[in-house]
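**Student:** Residue numbers (this note's numbering): 52 to 427. Just so it is clear, CB atoms sit at the ideal spot from N, CA and C, and this is done for glycine as well. Pasting a structure below so you can have a look.
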Amino acid sequence: MKTIHLILLSCLWATCSQAEFTKHVLSEKFFSEGASVGDINKDGHLDVIAGPYWYAGPDFKDSTEIYFPRPYPPGTYSENFFSWTYDVNKDGWIDVVIVGLPGKKSEWFENPQGKTGHWKQHIYADSVDNESPNLIDITGDGKPELICSQAAHLGYFTPQAEGKWPFTRISPKGPYGRYTHGLGFGDVNGDGKTDLLEKNGWWEQTEPGQLWKHHPFKFAGKGGAQMYTYDFDDDGDNDILTSLQAHSYGLAWFEQDAGTFKKHIILSEKNEPGPYNVSFSQLHAIELVDMNGDGVKDIVTGKRWWAHNSRDPGGNDPAVLYWFETKRASGKVTFVPHQIDNDSGVGTQVTVKDLNKNDKPDIIVGNKKGVFVHVQ
Numbered sequence: 052m053k054t055i056h057l058i059l060l061s062c063l064w065a066t067c068s069q070a071e072f073t074k075h076v077l078s079e080k081f082f083s084e085g086a087s088v089g090d091i092n093k094d095g096h097l098d099v100i101a102g103p104y105w106y107a108g109p110d111f112k113d114s115t116e117i118y119f120p121r122p123y124p125p126g127t128y129s130e131n132f133f134s135w136t137y138d139v140n141k142d143g144w145i146d147v148v149i150v151g152l153p154g155k156k157s158e159w160f161e162n163p164q165g166k167t168g169h170w171k172q173h174i175y176a177d178s179v180d181n182e183s184p185n186l187i188d189i190t191g192d193g194k195p196e197l198i199c200s201q202a203a204h205l206g207y208f209t210p211q212a213e214g215k216w217p218f219t220r221i222s223p224k225g226p227y228g229r230y231t232h233g234l235g236f237g238d239v240n241g242d243g244k245t246d247l248l249e250k251n252g253w254w255e256q257t258e259p260g261q262l263w264k265h266h267p268f269k270f271a272g273k274g275g276a277q278m279y280t281y282d283f284d285d286d287g288d289n290d291i292l293t294s295l296q297a298h299s300y301g302l303a304w305f306e307q308d309a310g311t312f313k314k315h316i317i318l319s320e321k322n323e324p325g326p327y328n329v330s331f332s333q334l335h336a337i338e339l340v341d342m343n344g345d346g347v348k349d350i351v352t353g354k355r356w357w358a359h360n361s362r363d364p365g366g367n368d369p370a371v372l373y374w375f376e377t378k379r380a381s382g383k384v385t386f387v388p389h390q391i392d393n394d395s396g397v398g399t400q401v402t403v404k405d406l407n408k409n410d411k412p413d414i415i416v417g418n419k420k421g422v423f424v425h426v427q
């Protein structure tokens, strides 16, 4: 494992901030397009899970196989697109939930409770569609569901220990295929229920057993990555965040005003550097988290390098990783970019957690460049 110390100083438009990161290269092989964290061995330290390995915290030097490791050439596609940790069978040990190649089987791996050997595999779905699924509590029951689409319906899988997970449809049949881009969640209308976001609008959560109510709006044409609701302008209602094209350029937030939305560009769709002289493509993973402890959530994203074997716009550009600092002043919102790295980027997933318990969020990435941890 390589460790690289980076001190990044950004002085942009009279905004000067310093952030120090230590970059850990856990692997230079391509195993997965995402990574997750959790205390696998119950030693009190968060571990990193990426593809077939879990890396033991706090130094991530020791790796242990979950299943047989198969590295992929960068010009191909991994069968591990996403991972999350969750105690599926309620035995007190967290398991690993995987989403494979969109449209293909997905499985969860049962934690062996400290025993050696590969973990027991459970196939929970024959197909999980959409390129931005997420394991979150969308129903409000205190347990996570896997939001995605299946057989052209939006909906969610409910985890269970035995057999295939049941899928709940929330929409009629629509244009939701295996490679559809852009999916997210949040309370759009302030009723206390979590709604579903997608590139063509948002779906208002209704009563159990009913299809959810569709509110059409063109947030993105081809669709981006994970979508979120957040009150960026601090006016009392939630706005929408999305990248605009997962395989090209563009990042925007949509200001809500009484149920309507106004588009504000953060990064141009036309490869224009903008006021901060920053532009990059392939924003295929996004997280929304308070990076600097000021109480306001910031944006973490970057470039998914070689998503389509360099055939996309900017495909061969550096694999950058950024956080965008949310700034509020005089009723306006700006997003100040801070580059964290230029040789790791994101995959289809980027995970942000405080790994070393210093109250500063760290960034975990798995992609075609390898597996990386950026400790703040």
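1) Measuring CA to CA, which of Ile-189, Val-139 and Phe-111 is closest to Val-99?
2) I need the DSSP call for Val-426, collapsed to helix, strand or coil.
3) Do you know how far the Cα of Ser-87 is from the Cα of Lys-166?
4) Between Asp-394 and the rest of its own chain, which residues show a CB-CB distance below 8 Å, the 5 nearest in sequence each way excluded?
5) In three-state terms, what does DSSP make of Ala-271?
6) Would you mind working out which of Pro-226, Gly-95, Tyr-106 and Phe-82 sits nearest Val-424, comparing C-alpha positions?
7) Using the Cβ count rule (16 or more neighbours within 10 Å means buried), how would you classify His-359?
8) Of all the options Glu-320, Asp-286, Phe-312 and Asp-308, which has the alpha carbon lying nearest to the alpha carbon of Ser-294?
9) Tell me whether Glu-323 sits in a helix, a strand or coil according to DSSP, three-state version.
10) Under the rule that 16 or more other beta-carbon atoms within 10 Å means buried, what is Ala-202, buried or exposed?
11) Would you check if the segment 267 to 274 and the segment 351 to 366 touch, i.e. whether three or more CB-CB distances between them fall below 8 Å?
12) Compute the distance between the beta-carbons of Glu-323 and Lys-313, then report whether it is under 7 Å.
13) Return the chain-ordered list of same chain residues with a C-beta closer than 6 Å to the C-beta of Val-150, the five sequence neighbours on each side being excluded.
14) From His-173 to Trp-159, what distance separates their C-alpha atoms?
15) Let me make sure I understand the geometry here. Which of Cys-199, Trp-253 and Asn-240 has the alpha-carbon closest to that of Arg-229?
16) If you follow the beta strand (DSSP E) that Asn-92 is in, where does it begin and where does it stop?
17) Can you give me the C-alpha to C-alpha distance between Leu-262 and Pro-223, rounded to a whole angstrom?
18) Between Trp-374 and the rest of its own chain, which residues show a CB-CB distance below 7 Å, the 5 nearest in sequence each way excluded?
19) So what's Pro-259 in DSSP terms, helix, strand or just coil?
20) In this structure, how does DSSP classify Met-278 when only helix, strand and coil are distinguished?
21) Going by DSSP in three states, Ala-176 sits in which element: helix, strand or coil?
22) Tell whether a beta-carbon distance below 7 Å holds between Pro-412 and Val-340.
23) Quick check on the burial criterion: 16 or more other C-beta atoms within 10 angstroms. Buried or exposed for Ser-129?
24) Taking 8 Å as the limit between beta carbons, can you name the residues of its chain near Gln-164, skipping five residues before and five after?
25) Could you pull the start and end residues of the beta strand (DSSP E) that Asn-8 belongs to?
26) Please return the same chain residues whose Cβ sits closer than 6 Å to the Cβ of Ala-297, not counting the five positions on each side in sequence.
27) Output needed for Lys-53: all residues of its chain with C-beta closer than 7 Å, excluding positions within five of it in sequence on either side, in chain order.
28) Could you name each continuous beta strand (DSSP E) segment of 3 residues or more that falls completely within the segment 322 to 398, going from the start of the chain to the end?
29) Verify whether the separation of the beta carbon atoms of Thr-399 and Gly-85 is less than 7 Å.
30) Have a look at Pro-124 and Phe-81 and give me their C-alpha separation to the nearest angstrom.
31) Drop a sphere of 10 angstroms on the beta-carbon of Gln-211, count the other beta-carbons inside from all chains shown, and report buried for 16 or more, exposed for fewer.
32) Whole angstroms is fine: what's the gap from Trp-135's alpha carbon to Leu-97's?
**Tutor:** Quick look at the numbers:
1) Phe-111
2) strand
3) 21 Å
4) Pro-369, Ala-370 and Lys-420
5) coil
6) Tyr-106
7) Exposed, since its Cβ has fewer than 16 Cβ neighbours within 10 Å.
8) Nearest to Ser-294 by alpha-carbon distance, out of Glu-320, Asp-286, Phe-312 and Asp-308, is Glu-320.
9) coil
10) exposed
11) no
12) no
13) Phe-132, Phe-133, Ser-157, Val-179 and Pro-184
14) 5 Å
15) Ranking Cys-199, Trp-253 and Asn-240 by Cα distance to Arg-229 puts Cys-199 first.
16) Where Asn-92 is concerned, there is no enclosing beta strand (DSSP E), given that its DSSP letter is neither H nor E.
17) 7 Å
18) Met-342, Asp-349, Ile-350, Val-351, His-389 and Ile-391
19) coil
20) strand
21) strand
22) yes
23) buried
24) Asp-142 and Trp-144
25) A query on residue 8 cannot be resolved here, the shown segment of the chain reaching from 52 to 427 and no further.
26) His-232, Gly-275, Ala-276 and His-335
27) Within the same chain, Cβ atoms closer than 7 Å to the Cβ of Lys-53 are found at Val-76, the five residues on either side in sequence being excluded.
28) 337 to 340, 349 to 353, 372 to 380 and 383 to 392
29) yes
30) 7 Å
31) Flag for Gln-211 reads exposed.
32) Rounded to the nearest angstrom, the gap between the Cα atoms of Trp-135 and Leu-97 is 13 Å.
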